[in-house]
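In my numbering, the protein residues as written are -19 to 198.
This is how it looks when you write it as structure tokens:
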């Protein structure tokens, strides 16, 4: 089964077009002012319109309130809401009831005990994304270019559908997929030449690496 491939933090028409042309299944727009990948909902909506219907559009937020979500949902018209903050199961149910959209909940992982937080969200969130915990001093919950011990995922309930993130790039994406049960990967800093600047050649390299790995399996 081919994995879902999501590129997060897109900000330019060129990056959106290249990602989708090469086979991305999801594109993510980040709404978090502290991030170098932050974008306005209206610009994100314009970029999404270029490829709408060909790819899943994901709105990435961090502890956004209803007013912020109203603005994002109306202007971006996302297919999925991704929560990268301290949102509770109750908050997720509330948001799903309002907008009727599926939710992907992100968990930051460093050690086995971090996975214990997942249980209350099973059956509430529609999908999960596991990222590395931010290094000391970082104000960003994701996009820090660091990975975690993927062997920890072996202890996760097999019913959990998840994407893998954190420090992924062309050199390790095949290993990440082969060593976990992840049904998708999520990349941001691993395809950037500078924080927030997507590199088209690096996007190509990721797809080339995945294709090479698939040929070996075949």
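Glycine included, every Cβ here is placed at the ideal spot set by N, Cα and C. For clarity, every value in this text was computed on a predicted model and none was experimentally measured.
| Asked | Found |
| --- | --- |
| Where the beta strand (DSSP E) containing residue 172 begins and where it ends | 172 to 174 |
| Whole-Å CB distance - residue 41 paired with residue 48, under 8 Å assumed | 7 Å |
| Every unbroken alpha helix (DSSP H) within the stretch 47 to 133, with a cutoff of 4 residues, ordered by chain | 69 to 79 |
| Proximity of residue 56 and residue 86 at Cβ, strictly below 8 Å | no |
| For residue -14: DSSP bridge partner residues | 6 and 166 |
| Distance CB(residue 154)-CB(residue 190) smaller than 8 Å | yes |
| Reduced DSSP secondary structure (H/G/I, E/B, other) of residue -8 | coil |
| Segment contact, 8 Å Cβ cut-off, at least three pairs: the stretch 25 to 33 with the stretch -5 to 15 | yes |
| Buried or exposed (CB count within 10 angstroms, at least 16 for buried), residue -1 | buried |
| Boundaries (first-last residue) of the beta strand (DSSP E) holding residue 40 | 36 to 41 |
| Segment limits, alpha helix (DSSP H) that includes residue 27 | 21 to 29 |
| Outcome for residue 150 when other beta-carbon atoms lying within 10 angstroms are tallied against a minimum of 16 | buried |
| CB contact flag (residue -4, residue 30, <8 Å) | yes |
| Coil, strand or helix - residue 11 by DSSP | strand |
| Identity of the residue in 111, 145, 148 and 159 nearest residue 134 by Cα | 159 |
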